[in-house]
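See below for the structure under consideration.
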Amino acid sequence: MNFEYTSEQIQLRSTVREFAAAEIAPHVMEWDENQIFPLDAIKKAGELGLLGAIFPEDLGGAGLGYIDYAIVIEELARVDPSVALIIAAHNSLCTNHIYLAGSDEQKRRYIPKLATGEWIGCWSLTEPEAGSDAAGTRSTAVLQDGHWILNGGKTFTTNAQYADVCVAMCVTDRQASQHGISAFILDKGTPGFRVGKKENKLGMRASATGEVLFTDCRLSPCQLLGKPGEGFVDSLRILDGGRISIAALAVGTAQGAFDAALRYSKQRKQFGRFISEFQAIQHKLADMATSIEAARLLMFQAGAMKDAGKRVTKQSAMAKLFASEMAVKVCDEAVQIHGGYGFIKDYPVEKFYRDVKLCTIGEGTSEIQRMVIARQLLKE
Ligand SMILES: Cc1cc2nc3c(=O)[nH]c(=O)nc-3n(C[C@H](O)[C@H](O)[C@H](O)COP(=O)(O)OP(=O)(O)OC[C@H]3O[C@@H](n4cnc5c(N)ncnc54)[C@H](O)[C@@H]3O)c2cc1C
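In the working numbering, each number is its position in the sequence shown, counted from 1, plus 3.
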């Protein structure tokens, strides 16, 4: 067991940290207030290789492992969780589905452009009536005269409004239940494929979350992704990896809130003393730092197992569950340490507190993570 970062990981962390300080930090509140999708910053992240973090170099990616990828997402979330979410959905959901299930031709056609950020990707599993129960998907794809005809709609798709490429799951054989859902790749501009309402959100407001709609959308057979009927099962594999990035998003958000609270506690005086001198505040800081570190270890454990090619269903759910619930608590305490100023938008903890809640919901709620973990435990 080695708990040290490699020199390459330290270099990666400082590169992302410098990028976040220069290109993201100055704009965080403006993007949040006005719900501005930071397209320029995302394109610059693409130039740095962050949009193709986990894909091989011969497909235009950065060739990083999941531990490295977690470092990237953590560092971005520490400054702006919205940016981390945009990049995580692009990498670990959309592009990764094409990488894991795509034909060689699909990989060559899509991954280099997605990995460099020339194209932005989104991934649509959730529907209005099929959230936690994603196997209850209602959107359909019917084979007619050699083409797939898609009808239906998805909700809550991260990056929907800015995506050039969408991977979407539709029912192709209702009788086959979980083995009757297939994945499709849709290009922006395909007739019958459009994005709908953009949601007005509590947090993660610089990320775009929206509907994806299909009306008699005609796709050639080469737009089917993976084996017919295996789109849902492949989605579960995709989520196993994606949850490591949500754990990293949670750890980074908590770290950002903790850093602000620690700083503030050494500046704010009450009763003639810095509040950091009060034991009540010291205990909060100690608990926050300890729980962040524990979550980071779970996240790295899941990442290391993924990099070793092992199945991570249980570990990634544990990392995601623990990190996201930890981060909600840490952000709450960070606001508490700021007192009334924590409630004011001039201080960064107000935004971390709003953003962090997504971590216990996206890519499977905490309740669903507990179900996933329990199922794995009962199987062992
Ligand atoms: C900002 C944002 C971004 C998102 N991005 C994407 C994306 O890019 N792509 C995508 O496909 N989806 C995305 N989602 C959707 C997200 O994954 C779902 O919201 C989530 O899976 C929960 O589904 P739901 O909202 O329908 O809640 P529901 O499934 O309706 O759940 C409601 C409540 O019931 C609980 N519950 C449900 N079933 C059970 C059960 N069996 N046992 C115990 N409790 C249960 C849930 O835990 C929750 O507390 C995003 C969501 C948000 C808010």
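C-beta atoms are modelled at their ideal positions from N, C-alpha and C, and glycine is treated no differently.
For residue i, the residue or residues it bridges with in DSSP
| i | result |
| --- | --- |
| Thr160 | Gly213 |
| Gly155 | Phe217 |
| Phe187 | Ala171, Leu227 |
| Lys272 | Phe277 |
Exposure of residue i, with buried meaning 16 or more beta-carbon neighbours within 10 Å
| i | result |
| --- | --- |
| Arg177 | exposed |
| Met291 | buried |
| Cys225 | exposed |
| Arg314 | exposed |
| Arg266 | exposed |
| Met302 | buried |
| His286 | exposed |
| Gly343 | exposed |
| Asp71 | buried |
| Pro194 | exposed |
| Ile57 | buried |
| Met399 | Residue coverage of the chain in this structure runs from 4 to 383, which leaves residue 399 outside it and unanswerable. |
Per-residue DSSP class, three states only, for residue i
| i | result |
| --- | --- |
| Phe235 | helix |
| Trp126 | strand |
| Gly199 | strand |
| Leu146 | strand |
| Phe277 | strand |
| Ala56 | coil |
| Leu381 | helix |
| Ala133 | strand |
| Leu222 | strand |
| Pro194 | coil |
| Glu353 | helix |
| Asn99 | helix |
| Ala289 | helix |
| Gln372 | helix |
| Ala250 | helix |
| Lys332 | helix |
| Ile45 | helix |
| Ser106 | coil |
C-alpha distance - residue i paired with residue j, whole-angstrom precision
| i | j | result |
| --- | --- | --- |
| Glu132 | Asp167 | 25 Å |
| Ala260 | Glu78 | 13 Å |
| Glu202 | Met172 | 21 Å |
| Gln379 | Val170 | 28 Å |
| Val375 | Asp83 | 29 Å |
| Gly124 | Thr98 | 7 Å |
| Ser248 | Glu280 | 36 Å |
| Glu214 | Lys272 | 48 Å |
| Ser369 | Lys354 | 21 Å |
| Ala298 | Ala73 | 12 Å |
| Tyr102 | Val352 | 37 Å |
| Asp136 | Gly156 | 16 Å |
| Val236 | Glu366 | 15 Å |
Proximity to residue i [Cα-Cα], best of the options
| i | options | result |
| --- | --- | --- |
| Gly206 | Phe58, Gly156, Ile39, Gln379 | Ile39 |
| Gly120 | Gln181, Ala92, Met321, Ala137 | Ala92 |
| Leu216 | Glu130, Pro29, Leu228 | Glu130 |
| Val75 | Ser106, Asp237, Leu252, Ile114 | Leu252 |
| Ala144 | Ile371, Ile188, Leu239, Gly312 | Ile188 |
| Arg373 | His150, Lys317, Gly345 | Lys317 |
| Leu128 | Leu153, Thr158, Ile114, Leu117 | Thr158 |
| Ala322 | Phe22, Val254, Leu239 | Val254 |
| His150 | Ala56, Gln12, Ser223, Ser185 | Ser223 |
| Asp349 | Ala80, Leu381, Ala263 | Ala263 |
Heavy atom of ligand 2 within 6 Å of residue i beta-carbon
| i | result |
| --- | --- |
| Phe159 | What this structure holds is ligand 1, not ligand 2. |
CB contact check: residue i to chain B, cutoff 7 Å
| i | result |
| --- | --- |
| Glu370 | No chain B is present in this structure, which holds just one protein chain. |
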